[in-house]
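Taken in order, these protein sequences are the chains called X and L. Take the working numbering: the final residue in the first sequence is number 253, and no numbers are missing along the way. Take the working numbering: the final residue in the second sequence is number 1253, and no numbers are missing along the way. As structure tokens, the structure follows; a few thoughts come after it.
Number of protein chains: 2
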Amino acid sequence: MQLHVHARATRLNPDRLFGQVAHRLAVAIITGASPAGSLLPNEDDLKDEISVSRTAYREAVKFLSGKGLVEARPKSGTRVAPREAWNLLDPDVLAWHFKADPNEKFIRDLFELRLFVEPSAARLAAQRRSDADLKRIEAAFRGMAENPPYAEPTVNADLAFHEAIFAATRNPPLQCLAPAVCATIQWSLFLKAPDDEFFFTASLIDHERVLDAIVQRDGDLAAARMSGLVIDSLNSTLRLLAGRADPNASKTA
Amino acid sequence: MQLHVHARATRLNPDRLFGQVAHRLAVAIITGASPAGSLLPNEDDLKDEISVSRTAYREAVKFLSGKGLVEARPKSGTRVAPREAWNLLDPDVLAWHFKADPNEKFIRDLFELRLFVEPSAARLAAQRRSDADLKRIEAAFRGMAENPPYAEPTVNADLAFHEAIFAATRNPPLQCLAPAVCATIQWSLFLKAPDDEFFFTASLIDHERVLDAIVQRDGDLAAARMSGLVIDSLNSTLRLLAGRADPNASKTA
DNA sequence: CCCGTTTCTATCGTATGACTTTATCCGGGA
DNA sequence: TCCCGGATAAAGTCATACGATAGAAACGGG
């Protein structure tokens, strides 16, 4: 596990002590080690559990409470919030999910979201892109094509490609979904065997077709092709997930 | 301005001191009173500005930094982050936008997002809803129909209607967009003249048609009708915005 | 005169202890 | 049985001190 996720859009400073505490608590919460409703260690007792001051601990809790992960109340204590309260689209929360086991349902849900959002984003990008936007998207595509499959620069270029498309929509709220999309892509790339060259080539072609539609400023075409890209990626990811979960069942999905 | 937004999904406790500080800072940031890149008051100096302890102030900053609004660094100070770093889909951040002036571009962008997401959500809801989900959606619709137009219970029922549809999708990440949708609806309802009965009736019919499609479990129909609902709402809202911004220009839009 | 290095220092980060406020729990009284 | 009120445990707030970081200025060698 432990994919090296670069700091893209993450707000938590891992160098600082409170940041380490927040990270540690968050991972425990998201993996389910600290189930919803469970009590976090008392602010006074924690001296014995982890040796940090109340100050650092409290700041970590404040950070997490802003994302809906925990809820603190006098006398009751600080409790893990129910999952419905979590802000699952928050970049940090998504990053923390990488530390947990790959949850197939969660990945499916994220792909579903991608499928709803990314084609529309591609349409807007095709309609509204500036020349600078296009340069950025093209540069990202070149980064994908000119680096070895599944190497880190290639992955980063893939993420940059999708992020640049969101940026070209000129719709800030919509752009806030870019981290969710990138997290999904990272998951799927992480799952793939590094020697799966067939998929990589197919994916590259998918990307090139999207880029081409954006160059032509053809919104409908861009949307359709982005749909195809996401579906292809979903299918290959599901195949890998099925293989992982149950190596015998190669027929399913 | 100052619409009374109820606490739906908001993580910040306004009873606590740090919460008030966070709220105050956030509003200053979002309205632009504290522009991006500007320095927040020094943690030592603030004793004179607002009379709170460093502790409370720092916890407020931690809360805001988790949402990308500010960024603190030793020696440099704590700065307002650029808008691209803000998590605009965070329920708190959205709520704070209500304190700022109505920004037409922002509302347009949110409607655009609605238009991409809500029809798909309605489709899923129609396909996956349980009987309990349906009951909840129906109850919300009744709440809209049986209360006076634009009264608070009616508005809440409207929000509940859309939220229940998201809940029925069984897709937690997707559900995290419900607050953004609800915020948009609140804005548009807030803008409407309370005597605009024509629009209210039309909107009610739109909602009923969506509900009907979900009852029938017809996904495509639900998506199409939700599309219609959002577009109707967008058009009437844009008309109102145009009227507000420039009362002479009634032809535009 | 330029540029790298060192030192200085402003600011955030962390630690600690005391006190305040809140809300739950529980027991006593109507 | 119900309501009220005190005891109490936990988070919330405050003040103070010290540590750590990184920007900036001073310094010195080339």
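For glycine and all other residues, C-beta sits at the position ideal for the given N, C-alpha and C.
Cβ-Cβ distances below 7 Å link S188 (chain X) to S233, T237 in the same chain, with the five nearest sequence neighbours on each side left out; the list follows chain order.
The contact set of L1088 (chain L) on chain X, defined by CB atoms closer than 7 Å, consists of P172, P173, C176 in chain order.
In chain order, A157, A160, F161, A164 place their CB closer than 6 Å to the CB of A140 (chain X), counting only its own chain and leaving out the 5 sequence neighbours on each side. If you compare the alpha carbons of L:G1068, L:D1206, L:R1024 with that of I1050 (chain L), the shortest gap goes to L:R1024.
Taking 7 Å as the upper bound on Cβ-Cβ separation, chain X lies near residues K1062, F1063, S1065, G1066, K1067, G1068 of the region 1061-1081 of chain L.
Distance from R1129 (chain L) to A1085 (chain L) at the Cβ level is roughly 37 Å; contact not present, criterion being Cβ atoms closer than 8 Å.
Inter-segment contact for the region 59-68 of chain X and the region 1066-1074 of chain L is present: three or more beta-carbon pairs are separated by less than 8 Å.
Scanning chain X for C-beta atoms nearer than 9 Å to the C-beta of E1112 (chain L) yields S120, L124, T169, N171, P173, L174, reported in chain order. For R1136 (chain L), no Cβ of chain X is located within less than 8 Å of the residue's own Cβ.
Spatial neighbours of L40 (chain X) in its own chain (CB-CB distance under 8 Å, excluding positions within 5 residues in sequence) are listed in chain order as L25, S34, V61, V70, G77, T78, R79, V80. Annotation: the continuous alpha helix (DSSP H) that includes V215 (chain X) extends over 197-215. Between E1043 (chain L) and chain X, the shortest Cβ-Cβ separation is not below 8 Å. Note on N42 (chain X): under 16 other CB atoms within 10 angstroms of its CB, so exposed under the neighbour-count rule. No Cβ of chain L is located within less than 8 Å of the beta carbon of V210 (chain X). Taking a 10 Å sphere around the C-beta of P179 (chain X), we find 16 or more other C-beta atoms and assign the residue as buried.
Counting only the Cα atoms, I1030 (chain L) lies some 10 Å from D1101 (chain L). In the three-state reduction of the DSSP assignment, L234 (chain X) falls in the helix class, which pools H, G and I. In the three-state reduction of the DSSP assignment, E71 (chain X) falls in the strand class. With a 10 Å radius around the Cβ and a threshold of 16 neighbouring Cβ atoms, D48 (chain X) comes out exposed.
At least one CB of chain L lies nearer than 8 Å to the CB of V117 (chain X). Those residues of the region 1179-1204 of chain L placed with their C-beta closer than 8 Å to a C-beta in chain X are A1180, ordered along the chain. Bridge partners of R79 (chain X) according to DSSP: X:L39, X:E71. Contacts with chain L (Cβ-Cβ distance below 9 Å) from the region 142-171 of chain X involve A167, T169, R170, N171, listed in chain order. Neighbours of D1131 (chain L) in chain X, taken as residues at a C-beta separation under 9 Å, are lacking, since the least C-beta distance is about 20 Å.
If you check the CB distance, L1012 (chain L) and D1092 (chain L) come in under 8 Å.
Counting only the Cα atoms, P1119 (chain L) lies some 16 Å from L174 (chain X). Closest option to L89 (chain X), judged by alpha-carbon separation, among X:P74, X:R73, X:F111: X:F111. Chain-order list of chain L residues neighbouring D109 (chain X): N1171, P1172, P1173, L1174, by C-beta distance under 8 Å. Assigned with DSSP and collapsed to three states, F1098 (chain L) falls in coil, not helix or strand.
With distances taken between CA atoms, L204 (chain X) lies nearest to X:R142 out of X:C182, X:Q216, X:R142. Taking C-beta separations shorter than 7 Å and ignoring five residues to either side along the sequence, the partners of N87 (chain X) in its chain run K67, G68, V93, following chain order. Interface annotation for the region 8-22 of chain X against chain L: A9, R11, L12, N13, F18, A22, criterion Cβ-Cβ distance under 9 Å. With contacts defined by Cβ atoms closer than 8 Å, A222 (chain X) and V210 (chain X) form a contacting pair. Minimum Cα-Cα distance from L1115 (chain L) among the listed residues L:A1224, L:L1240, L:L1241 corresponds to L:A1224. Interface flag for E59 (chain X) against chain L is set, since a Cβ pair is found closer than 8 Å. Under the three-state reduction of DSSP output, G66 (chain X) falls in the coil class, being neither helix nor strand.
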